[in-house]
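Here's the structure, in structure tokens; my notes come after.
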Amino acid sequence: MSTRFCLWVLLLYLGGGKLPFLLANSLPLSAQATVSVLTCAPGSETYALFGHSALRITDPLRGFDRVYNYGTFDFATPNFYGRFMRGDLQYFLSVNSFGEFLAAYQQENRIVSEQVLALQPPETQRLYTYLETTLHSSARFYRYQFFADNCTTRIWRDIHASVETPLQVDSTYALPARSYRQLLAPYLAPAPWVNLGMNLGLGWPADRATTFRQQVFLPVALQEALRHTRRAHRPFAGPAQRLFVAQALPSSPPSWWTPTHCILSLGLLLLLAQGFPDRYNFIRRIIRFALLASVG
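Count the sequence shown with our numbering and you get residues 1088 to 1383, in order.
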């Protein structure tokens, strides 16, 4: 056991179990430490419809198993969903034990997969030190941007910043000329009202064709990108291993009250209201207002 590690244990004991910030950043990981990317399946909440990504760092010799999560936010933020769709939320980096992280997704019955990265010990240490430094500074906060800067894009960025030799990504597998709107469509299909709101809120920029790099804002896209990444002609990420397999639940019948049905019903009511006497004009105005509101 190294003198440096013994000193860390002594100071941790004298400090009543509180790890000093500077010492936390200099804590050496063993050569057995590993870094992996966790990919979580979509959930039922609006903010979880597209899945999630996080970084796991494990060191069996140090009894260390933590998950670094760029997808943390304050749900009490006013107009949360509106700001989420506009990309106007403040997110921040947080950390949990792996057990806590996995238990949360087990409770939500969401698949969790893991890809172990082929990082060298100095690269693992560099990434760990960066994450700890960020975690204990104001840099842990960032302005969430749905396409350009989110919990998944930051992991892709951090991985590339930590490696000593460039990574080669075979991007030929990516679907060409896909717009952001097309990429989101499969995730939004089960939630028609959210689909309507997001399509209206995203506007014309969502119709731009995306490059391979731009598609990595989605957790599944990051998982695929890592699967096609090599270094020195060797795979950079191991195969995705499922850590939790979601239980099959009975599917509920789809709601008939979709935006399409709503607009058609209001349109039919408006046509019927045209035959009302003039003294019922206020009814027509109410229906027109509801119809305009339903289509944005």
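Backbone N, C-alpha and C fix where the C-beta goes; we use that ideal spot for every residue, glycine too.
Local conformation of residue i per DSSP, three classes
i, result
"Arg-1170", "helix"
"Ser-1184", "strand"
"Pro-1277", "coil"
"Gln-1302", "helix"
"Ser-1123", "strand"
"His-1247", "helix"
"Gln-1202", "strand"
"Arg-1091", "Confidence is the limiting factor: at Arg-1091 the pLDDT is only 44, short of 50, which leaves the residue's position unreliable, though a coordinate-based value still follows. Of the three classes helix, strand and coil, the one that applies to Arg-1091 here is helix, per DSSP."
"Gly-1290", "coil"
"Ser-1131", "coil"
"Ser-1225", "helix"
"Asn-1112", "In this prediction, Asn-1112 has a pLDDT of 49, which is less than 50 and means its spatial position is unreliable; what the coordinates show is noted afterwards. Looking at Asn-1112 - three-state DSSP - the assignment turns out to be helix."
Sub-8 Å separation of residue i and residue j beta-carbons
i, j, result
"Thr-1240", "Phe-1188", "no"
"Val-1122", "Leu-1142", "yes"
"Pro-1185", "Arg-1153", "It should be pointed out that residue 1185 corresponds to Phe in this sequence rather than to Pro. Yes, the pair counts as a contact, with Cβ atoms nearer than the cut-off."
"Ser-1249", "Leu-1214", "yes"
"Leu-1114", "Gln-1202", "no"
"Ala-1296", "Arg-1265", "yes"
"Ile-1246", "Leu-1218", "no"
"Glu-1195", "Gly-1138", "no"
"Gln-1193", "Phe-1331", "yes"
"Ala-1261", "Gln-1212", "no"
"Ala-1120", "Pro-1208", "yes"
"Arg-1329", "Ser-1225", "no"
Top-ranked residue by Cα proximity to residue i, from the options
i, options, result
"Thr-1164", "Gly-1158, Gln-1269 and Gln-1177", "Gln-1177"
"Thr-1145", "Tyr-1155, His-1139 and Gly-1138", "Tyr-1155"
"Pro-1279", "Tyr-1217, Leu-1222 and Leu-1136", "Leu-1136"
"Leu-1289", "Ala-1296, Ala-1276, Pro-1306 and Tyr-1267", "Tyr-1267"
"His-1315", "Val-1250, Gln-1255, Ser-1123 and Phe-1162", "Gln-1255"
"Ala-1327", "Ser-1140, Glu-1132 and Gln-1119", "Ser-1140"
"Arg-1317", "Arg-1329, Ser-1181 and Ser-1258", "Ser-1258"
"Gln-1334", "Ala-1191, Phe-1151 and Ile-1198", "Ile-1198"
"Gln-1269", "Gln-1310, Pro-1292, Gln-1207 and Tyr-1260", "Pro-1292"
"Tyr-1157", "Glu-1195, Phe-1233, Val-1332 and Ala-1120", "Phe-1233"
"Gly-1150", "Leu-1204, Thr-1126, Leu-1116 and Phe-1167", "Leu-1116"
"Ala-1128", "Leu-1206, Pro-1209 and Gln-1310", "Gln-1310"
"Ala-1324", "Asp-1236, Leu-1206, Phe-1299 and Thr-1221", "Leu-1206"
"Tyr-1231", "Pro-1322, Ala-1120 and Phe-1167", "Phe-1167"
"Asn-1237", "Glu-1210, Thr-1159 and Thr-1220", "Thr-1159"
"Tyr-1134", "Val-1124, Ala-1118 and Asp-1161", "Asp-1161"
"Tyr-1389", "Ile-1242, Leu-1125, Glu-1132 and Ala-1118", "There is simply no residue 1389 to check, as the chain begins at 1088 and stops at 1383 in what is shown."
Per DSSP, the bridge partner or partners of residue i
i, result
"Asp-1152", "Thr-1145"
"Asp-1236", "Gln-1232"
"Ser-1140", "Thr-1126"
"Thr-1159", "Phe-1179"
"Arg-1317", "Gln-1255 and Pro-1322"
"Arg-1197", "In the DSSP output, where bridge partners are listed per residue, Arg-1197 has none listed."
"Ala-1118", "Ala-1118 pairs with nothing; no bridge assigned."
"Arg-1329", "Ser-1200"
"Ala-1272", "According to DSSP, Ala-1272 bridges with nothing at all."
"Ala-1296", "Ser-1266"
For residue i, the first and last residue of its enclosing beta strand (DSSP E)
i, result
"Gln-1334", "Unbroken run through Gln-1334: none, as it is neither H nor E."
"Arg-1265", "Careful: Arg-1265 lies outside any beta strand (DSSP E) and carries neither H nor E."
Residue span of the alpha helix (DSSP H) that contains residue i, given as start and end
i, result
"Val-1307", "1306-1314"
"Glu-1210", "1208-1222"
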